[in-house]
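Chemist: Can you keep this structure in mind? I'll have questions shortly.
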Amino acid sequence: MVLEVALIDVVPGHEDEFAAAYAKGHPILAGTPGCRSVRMTRGIETPDRFVLLVEWDSVAAHEENFRATERFAQWRALIGPFFAGPPRVEHFTDVPA
1 MVLEVALIDV
11 VPGHEDEFAA
21 AYAKGHPILA
31 GTPGCRSVRM
41 TRGIETPDRF
51 VLLVEWDSVA
61 AHEENFRATE
71 RFAQWRALIG
81 PFFAGPPRVE
91 HFTDVPA
């Protein structure tokens, strides 16, 4: 399992519109083969900053089953207009205790 973390800065004043677009697009992302869970969080100190957390079976599941498909285009068309800049996206794995 890998965790995709996307730091998304939204154009100030458009946070509610972004959240509504996310809600509309959530099923597109969550229904992708290899997607285990999807969660969006919003900054308290910086309310125009959001963090998208997606658990994938693998980086390949993210890249091949989502990013390289029409699903990504649909997702991006919904939420992309509200971006203040390109999101910063990275993948992470758990550290054993």
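In terms of the UniProt record's numbering, the sequence shown has 27 at position 27, counting the first letter as 1, and numbering is strictly consecutive. We treat Cβ as the ideally placed atom computed from N, Cα and C, and that holds for glycine. Here the structure is a predicted model, which means the values were calculated and not measured.
Is histidine 91 helix, strand or coil when you go by DSSP?
Modeler: In this structure, histidine 91 counts as strand in the three-state DSSP scheme.
Chemist: Suppose only complete runs of 3+ residues qualify. What are the beta strand (DSSP E) ranges in the UniProt domain "ABM" (2-92), listed by chain order?
Modeler: Complete beta strand (DSSP E) runs here, min 3: 2-9, 35-42, 49-56 and 88-92.
Chemist: Counting only the same chain and skipping the five closest in sequence on each side, list residues whose C-beta sits under 7 angstroms from that of histidine 26.
Modeler: Around histidine 26: Val38.
Chemist: Near lysine 24, what residues of its chain come up, given a Cβ to Cβ distance below 8 angstroms and the 5 sequence neighbours on each side ignored?
Modeler: Closer than 8 angstroms at Cβ, skipping near neighbours: Leu78.
Chemist: For valine 59, which residues in the same chain have their Cβ closer than 6 angstroms to its Cβ, ignoring the five residues on either side in sequence?
Modeler: Closer than 6 angstroms at the Cβ level, and outside the excluded window around valine 59, lie Val2 and His91.
Chemist: Of the choices Thr32, Phe82, Tyr22 and His14, whose alpha-carbon is the least far from that of arginine 67?
Modeler: Among Thr32, Phe82, Tyr22 and His14, the Cα nearest to that of arginine 67 is on Thr32.
Chemist: Can you list, in chain order, the residues of its chain with a C-beta nearer than 6 angstroms to that of alanine 21? Leave out the 5 residues immediately preceding and following it.
Modeler: Excluding positions up to five away in sequence, the list reads Leu78 and Ile79.
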